[in-house]
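K.L.:
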Amino acid sequence: MTRTSRRARWVLALLVVFGLVAAACSSNDKKSNGGSGSPTTKSTKLAAATLNGSGSTFQQAYDETVISEFQTSQPAVTVTYAGGGSGKGQTDLQAGLVQWAGSDSTVKPEDVSKYKGPFLYFPTVGAPITISYNLSGVSKLQLSADTIAGIFQGTIKTWDDAAIKADNPGVNLPSTAITVAHRSDGSGTTAGFTLYLTKAAPTTWKLGTDKTVAWPAGEQAGNGNPGVAQIVTGTNGAIGYVDFSDAKAANLKFAAIKNASGKYVAASIAGATAAMEGATVKPDLTFDPINASGPKAYPITSPTYILVYTSQTDAAVGNALKGFLSYIYGPGQDLAAQVDFAKLPANILSQAKAQVAKITVS
Amino acid sequence: MAIDSELLPAPTPDHLGGGRPPGRVTDRVFRVVAFAGGLLVLVILALIAYSTISKAWPAFRDEGLSYFTSDVWDPVNAGFGTLAFSFGTLVISVIALVVAVPVSIGIALFVTELAPRWMRRPVVTLIDLLAAVPSVVYGLWGLLVLVPALPGFYQDWHDLFAGVPVLGDVFDGNPIAGKAFMTAGLILAIMIVPIITAVTRETFATVPQAQKDAALAMGATRWEMIRAAVFPHARSGMTAAILIGLGRAMGETIAVALVIGSSPQITEKLFSSGDALPAVIVNQFGESTGTYQAALIGMGVVLFFLTLIIGVIARAVLARSERKLSAP
Amino acid sequence: MTLLETPPRPSTPPRPPISHSSAGGWRRAKNTIASLLIVGSLVAAMIPLVLIIGYVIVRGIDAISWAFLTEDIPILTRAEGPGMGPAVVGTLLITGAATVMAVPLGVLGGIYLNEYSARSTFGRVVSFFAEVMTGVPSIVMGLFIYSIWVLRFGVSGFAGALALACLMLPVVIRTTEEMLKLVAPELRESAYALGGRKAGTILRVVLPAAAPGIISGALLAVARAAGETAPLLFTVLTVNKTNTDLFNGPNTTLSLQIFRNAQQVFTGPQDRAWGAALTLIAIVFVFTLLSRGLSAVFARKHRV
Numbered sequence: 001m002t003r004t005s006r007r008a009r010w011v012l013a014l015l016v017v018f019g020l021v022a023a024a025c026s027s028n029d030k031k032s033n034g035g036s037g038s039p040t041t042k043s044t045k046l047a048a049a050t051l052n053g054s055g056s057t058f059q060q061a062y063d064e065t066v067i068s069e070f071q072t073s074q075p076a077v078t079v080t081y082a083g084g085g086s087g088k089g090q091t092d093l094q095a096g097l098v099q100w101a102g103s104d105s106t107v108k109p110e111d112v113s114k115y116k117g118p119f120l121y122f123p124t125v126g127a128p129i130t131i132s133y134n135l136s137g138v139s140k141l142q143l144s145a146d147t148i149a150g151i152f153q154g155t156i157k158t159w160d161d162a163a164i165k166a167d168n169p170g171v172n173l174p175s176t177a178i179t180v181a182h183r184s185d186g187s188g189t190t191a192g193f194t195l196y197l198t199k200a201a202p203t204t205w206k207l208g209t210d211k212t213v214a215w216p217a218g219e220q221a222g223n224g225n226p227g228v229a230q231i232v233t234g235t236n237g238a239i240g241y242v243d244f245s246d247a248k249a250a251n252l253k254f255a256a257i258k259n260a261s262g263k264y265v266a267a268s269i270a271g272a273t274a275a276m277e278g279a280t281v282k283p284d285l286t287f288d289p290i291n292a293s294g295p296k297a298y299p300i301t302s303p304t305y306i307l308v309y310t311s312q313t314d315a316a317v318g319n320a321l322k323g324f325l326s327y328i329y330g331p332g333q334d335l336a337a338q339v340d341f342a343k344l345p346a347n348i349l350s351q352a353k354a355q356v357a358k359i360t361v362s
Numbered sequence: 001m002a003i004d005s006e007l008l009p010a011p012t013p014d015h016l017g018g019g020r021p022p023g024r025v026t027d028r029v030f031r032v033v034a035f036a037g038g039l040l041v042l043v044i045l046a047l048i049a050y051s052t053i054s055k056a057w058p059a060f061r062d063e064g065l066s067y068f069t070s071d072v073w074d075p076v077n078a079g080f081g082t083l084a085f086s087f088g089t090l091v092i093s094v095i096a097l098v099v100a101v102p103v104s105i106g107i108a109l110f111v112t113e114l115a116p117r118w119m120r121r122p123v124v125t126l127i128d129l130l131a132a133v134p135s136v137v138y139g140l141w142g143l144l145v146l147v148p149a150l151p152g153f154y155q156d157w158h159d160l161f162a163g164v165p166v167l168g169d170v171f172d173g174n175p176i177a178g179k180a181f182m183t184a185g186l187i188l189a190i191m192i193v194p195i196i197t198a199v200t201r202e203t204f205a206t207v208p209q210a211q212k213d214a215a216l217a218m219g220a221t222r223w224e225m226i227r228a229a230v231f232p233h234a235r236s237g238m239t240a241a242i243l244i245g246l247g248r249a250m251g252e253t254i255a256v257a258l259v260i261g262s263s264p265q266i267t268e269k270l271f272s273s274g275d276a277l278p279a280v281i282v283n284q285f286g287e288s289t290g291t292y293q294a295a296l297i298g299m300g301v302v303l304f305f306l307t308l309i310i311g312v313i314a315r316a317v318l319a320r321s322e323r324k325l326s327a328p
Numbered sequence: 001m002t003l004l005e006t007p008p009r010p011s012t013p014p015r016p017p018i019s020h021s022s023a024g025g026w027r028r029a030k031n032t033i034a035s036l037l038i039v040g041s042l043v044a045a046m047i048p049l050v051l052i053i054g055y056v057i058v059r060g061i062d063a064i065s066w067a068f069l070t071e072d073i074p075i076l077t078r079a080e081g082p083g084m085g086p087a088v089v090g091t092l093l094i095t096g097a098a099t100v101m102a103v104p105l106g107v108l109g110g111i112y113l114n115e116y117s118a119r120s121t122f123g124r125v126v127s128f129f130a131e132v133m134t135g136v137p138s139i140v141m142g143l144f145i146y147s148i149w150v151l152r153f154g155v156s157g158f159a160g161a162l163a164l165a166c167l168m169l170p171v172v173i174r175t176t177e178e179m180l181k182l183v184a185p186e187l188r189e190s191a192y193a194l195g196g197r198k199a200g201t202i203l204r205v206v207l208p209a210a211a212p213g214i215i216s217g218a219l220l221a222v223a224r225a226a227g228e229t230a231p232l233l234f235t236v237l238t239v240n241k242t243n244t245d246l247f248n249g250p251n252t253t254l255s256l257q258i259f260r261n262a263q264q265v266f267t268g269p270q271d272r273a274w275g276a277a278l279t280l281i282a283i284v285f286v287f288t289l290l291s292r293g294l295s296a297v298f299a300r301k302h303r304v
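Chains D, C and W supply the protein sequences, listed in that same order.
What the first sequence shows, in the numbering used here, is residues 1 to 362, in sequence order.
What the second sequence shows, in the numbering used here, is residues 1 to 328, in sequence order.
What the third sequence shows, in the numbering used here, is residues 1 to 304, in sequence order.
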């Protein structure tokens, strides 16, 4: 090969490389980044700001729906939500990597000092945690708390176990092995689910309650609520706890759970609303609808919160946060039903709206 | 023998391609800049070692030796024993090697001994394409294609070996679920075939043709020639290749995290879910703080040193075999 | 041998055909079995390659469209429909930034190792540690950058680029060193004999001679970096709209999106994952094939 054509070869390669990079850069210039600074015809009150959030996958579908609508009405504000589980949201907020965190579980007292300052809980919606299952030939299932505890602790290993049969008289249960799916990441959904078992099956359930527990060996773990849903849909005989929105969207079957009043209640928005309405609200606006009393209450209903720091140093970010939260407590509540979440009961909603004013912007 | 350019007279213009060549100052500057580039490696490596070890130290200090020997991983109650994860990493790496090494040796033999000349480069290119596929794509394919397809095979293997003393236990677990040690091991095997093949191929290529011809001239079949002339020469090269493959398998993170099941346990049942060192870091780092985070970073440190040691041994073995082969 | 005969290629003298071996039946059988196993192992390796690339192409091609490559990522994760624009831009930006940081430094480092301190202890130590660094698991790099950069300056595309650059640097140094070694010493000596200084010789004689090999190594490092996920997990967070600002705010890449969407149960994000995988493989393959083409050029030029 001649010297010229050899040179030409690697010059050509270099050109390709630079061409790719140049193409990327030029396409960047043509794109505008979320309308930052571009004037709108609406009476936009909020200045350009970016609100990065992470955390609970339980509330993710709701957050994304609200973000989509909110950004349409406030084009100067960019909101992102990375998911990752309640644990990640709390850790990211502690490190200051995000401006808001989604969490279904409250912060443990010993972790409060890790935050950069005082923070506020803003409840947004509630929803059932379903016990989703995949068992060919069985379309209706009822489960009591002790049975659920036995299944997830590994003491009940097959679907035709006596305990499950006792909950489901007349149902033909196969002898398939049970594959349990739980969360591999730190999860507020796990916290809510295990809290329910601690309250409703105190003698049977031995693993305590937290964002992650010492699950027995041999179970399967998935990342995020959709990850658990993926395991359940993929394996015959699988069972797992999945938030209502993802379970419905994934066409999962879920069991009716025996509530504190002794009735088997299927997961539904109505059941979640009934559970939330009776719950006591603490001064920091956290409340606990788990194992609520009342015949219509779905016992594994979880609240979910947005955590933000009380004093915001960046004016644009602080005002954007207030606007975002106000939107959630306004048009946002009506969006909840679209993605299978229950909106807040009236008393909690009014307290939450009032708490938005507590965010100070310097 | 390099000539020290400092001793030469000052250059006259118009040579070496025209224009004034760089002078003395430029020479010094360039030397310093190049030195900085080399030094940067040491600096970064030292920084990595220092920062990760110091961040991981609280876990080592609090747990002591049980950090390595305990199989109780309970972040809630501050129990950080990493044995189950080391076990998982070891198991899937062994599965990967058991599957990949024979295949790689076969491909290397094919390329050096069996294939017609025109076939060599295309085959090598195809194998290198396997190496070019990013780990996350392996994970995607593994999770969405392989995991749904495997339970059938696992059931069959389980039924085949049911009752057999050792193998029956090994091919057991939860065959109906697709995420398991075996799945991760199989994906890893596909991923390490290219690197083992490449090193083995190069080793086979250094076998002196004279020895091969001698074997053939004495009436050996090709297989006998391979056993007599190629394998003995390539033994340490193949060992190095296996070690390099092992190192790669142990460090593989994303694909393993997606298909292993994320449920740490120590068991001989290969069809059950488990967890591995890098995979658990991916899954749990995001939510970790304090000693929990230190424990996870500590696993990264452990992994780093393990792959380092294996890499050093592999390099030494390879260097020794090169010295042996190049000796007259 | 007359001028009219083509001389045989010196590296492979004609081999005696196996059929002339007077081996007995069992030996022949073993040979045949061995040959079958050898070919079988090639087939065994080809099957997953075909399956993987096949699935990616088949599932991904439906998702790929101009809209897919340019539109924003849907905000509702479970939504169907296209949009990986931000990820494409992110991959190119972050990998590009990492390349800009790692390749010049790596080439300089390799030059230093081979030209200035090839025989010194310091040079051997640095070379050894560069080799060591190529084996650092990518997740450790991510943790490292998280500890020293992200906790101080927040997430950004630049943090991800730093992590990728740390991964690429030792690879580029090592390949540069190896390629420079292959340049004949006579080339350097004749340059010195003509009065050249060291830097000039390197820049004008040695580097151009080694260039195809060095670029080949760099392209391979770029291909590897483009596909990396673990180092970006804790340094880059995620976005839905393209972020061209490398130093401010989160970003996303094709690899991160594939990792996220692979674990989704809904078909919408799964389809986007396949499309992203196809795009990523296309980018990586282009760089890999370019690299191999260049290294073939280099090998021919410097046949040892």
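In this text, a Cβ means the ideal position worked out from N, Cα and C, and glycines have one as well.
Just so it is clear, the structure is predicted and the values come from calculations on it, not from any experiment.
Would you mind listing the alpha helix (DSSP H) stretches within the segment 127-161 of chain C that are 4+ residues and don't spill past its ends, in chain order?
P.N.:
Counting whole runs of 4 or more residues, the segment 127-161 of chain C contains the alpha helix (DSSP H) stretches 135-141 and 147-161.
K.L.:
Would you call the segment 288-300 of chain W in contact with the segment 212-219 of chain W, where contact means no fewer than 3 C-beta pairs closer than 8 Å?
P.N.:
Cβ pair count under 8 Å is three or more, so yes.
K.L.:
Just the Cα atoms here: how many angstroms apart are residue 173(C) and residue 269(C)?
P.N.:
C-alpha separation (whole angstroms): 5 Å.
K.L.:
Please compile the residues from chain C whose C-beta is within a distance smaller than 9 Å of the C-beta of residue 213(D).
P.N.:
Correct list: 74 and 76.
K.L.:
So what's residue 355(D) in DSSP terms, helix, strand or just coil?
P.N.:
If DSSP states are grouped into helix, strand and coil, residue 355(D) belongs with the helices.
K.L.:
Leaving out five residues before and five after residue 96(C) in sequence, what residues of the same chain have Cβ atoms less than 7 Å from its Cβ?
P.N.:
Excluding residues within five positions, the ones whose Cβ falls inside 7 Å are 185, 188, 189, 192 and 249.
K.L.:
Roughly how many angstroms lie between the CA atoms of residue 354(D) and residue 190(D), to the nearest whole one?
P.N.:
Taking the straight line joining both Cα atoms gives about 30 Å.
K.L.:
Flag residue 77(W) as yes if its beta-carbon sits less than 8 Å from any beta-carbon of chain A, otherwise no.
P.N.:
Of the protein chains in this structure, namely D, C and W, none is chain A.
K.L.:
Could you list the residues in the segment 255-274 of chain W with a C-beta less than 7 Å from some C-beta on chain D, going in chain order?
P.N.:
So the close ones are 263, 264, 265 and 266.
K.L.:
Report all residues from its chain with a CB closer than 7 Å to the CB of residue 120(C); omit the five preceding and five following residues, and keep chain order.
P.N.:
Excluding residues within five positions, the ones whose Cβ falls inside 7 Å are 111.
K.L.:
Give me the Cα-Cα distance between residue 223(W) and residue 242(W), rounded to the nearest whole angstrom.
P.N.:
Their backbone Cα atoms lie some 22 Å apart in a straight line.
K.L.:
In three-state terms, what does DSSP make of residue 114(W)?
P.N.:
Helix at residue 114(W).
K.L.:
Whose C-alpha, out of 69(W), 127(W) and 158(W), is nearest the C-alpha of residue 81(W)?
P.N.:
Residue 69(W) is the option with its Cα nearest to residue 81(W).
K.L.:
Excluding five sequence neighbours on each side, which residues of the same chain lie with their C-beta closer than 6 Å to the C-beta of residue 247(C)?
P.N.:
These residues qualify, in order along the chain: 307, 310 and 311.
K.L.:
Report yes or no: is there a C-beta of chain C within less than 8 Å of the C-beta of residue 144(W)?
P.N.:
With 8 Å as the cut-off, residue 144(W) counts as an interface residue toward chain C.
K.L.:
What separation, rounded to the nearest whole angstrom, lies between the Cα atoms of residue 229(W) and residue 222(D)?
P.N.:
Taking the straight line from one Cα to the other gives about 18 Å.
K.L.:
Please list, in chain order, all residues of the same chain as residue 254(C) whose beta carbon is under 6 Å from its beta carbon, the five residues on each side excluded.
P.N.:
Excluding positions up to five away in sequence, the list reads 135, 136 and 139.
K.L.:
On a CA-only basis, which of 138(D), 168(D) and 205(D) is nearest residue 154(D)? Give me that one, please.
P.N.:
Here the closest residue by C-alpha is 205(D).
K.L.:
Distance, Cα to Cα, residue 238(D) vs residue 360(D)?
P.N.:
Going from the Cα of residue 238(D) to the Cα of residue 360(D) covers about 48 Å.
K.L.:
Name the chain W residues that come within less than 7 Å of residue 132(C), Cβ to Cβ?
P.N.:
Going along chain W in sequence order, the residues near residue 132(C) (Cβ under 7 Å) are 223, 284, 285 and 288.
K.L.:
Find the residues of chain W that neighbour residue 230(D), judging by a C-beta separation of less than 8 Å, and give them in chain order.
P.N.:
Residues of chain W passing the Cβ test: 263, 264 and 265.
K.L.:
Going by other Cβ atoms of all chains shown within 10 Å of its Cβ, with 16 needed for buried, is residue 23(D) buried or exposed?
P.N.:
Any reading at residue 23(D) is ruled out, since the residue's pLDDT is 44, under 50, leaving its predicted position unreliable.
K.L.:
Using the Cα positions of residue 195(D) and residue 111(D), report the straight-line distance between them to the nearest angstrom.
P.N.:
Whole-angstrom Cα-Cα distance: 19 Å.
K.L.:
In the segment 175-255 of chain C, which residue ranges form an unbroken alpha helix (DSSP H) of at least 4 residues, counting only runs that do not cross its ends?
P.N.:
List check, alpha helix (DSSP H) in window: 181-205, 209-217, 222-225 and 231-251.
K.L.:
Assuming the contact rule is C-beta atoms closer than 8 Å, residue 270(D) and residue 296(D) should be a hit. Round their C-beta distance to whole Å, please.
P.N.:
Their Cβ separation, rounded to whole angstroms, is 7 Å, which keeps residue 270(D) and residue 296(D) in contact under 8 Å.
K.L.:
Could you please give me the residues that DSSP links to residue 342(D) through a beta bridge?
P.N.:
126(D).
K.L.:
Is residue 120(D) helix, strand or coil when you go by DSSP?
P.N.:
Strand.
K.L.:
What span of residues does the beta strand (DSSP E) with residue 100(D) cover, start to end?
P.N.:
Counting along the chain, the beta strand (DSSP E) containing residue 100(D) begins and ends at 100-103.
K.L.:
What residues from chain C crowd round residue 80(W), counting only those whose CB sits closer than 7 Å?
P.N.:
Here the premise fails: no neighbours, minimum Cβ distance about 16 Å.
K.L.:
In chain W, which residues lie with their C-beta within 9 Å of the C-beta of residue 227(D)?
P.N.:
The contacting residues are 263, 264 and 265.
K.L.:
Hey, quick one: how far does the alpha helix (DSSP H) through residue 126(W) stretch, first residue to last?
P.N.:
Element bounds for residue 126(W): 121-134.
K.L.:
Along chain W, in chain order, which residues have C-beta atoms closer than 9 Å to that of residue 65(D)?
P.N.:
Simply 75 and 76.
K.L.:
Under three-state DSSP, which class holds residue 271(C)?
P.N.:
The answer is strand: DSSP assigns residue 271(C) an E or B state.
K.L.:
With DSSP collapsed to three states, give me the class of residue 115(D).
P.N.:
DSSP places residue 115(D) in coil when its eight states are reduced to three.
K.L.:
Any beta-carbon of chain D closer than 8 Å to the one on residue 251(W)?
P.N.:
Chain D, which has no Cβ nearer than 8 Å to the Cβ of residue 251(W), makes this no.
K.L.:
Would you check if the distance between the CB atom of residue 104(D) and the CB atom of residue 304(D) is smaller than 8 Å?
P.N.:
Yes, they are a contact pair.
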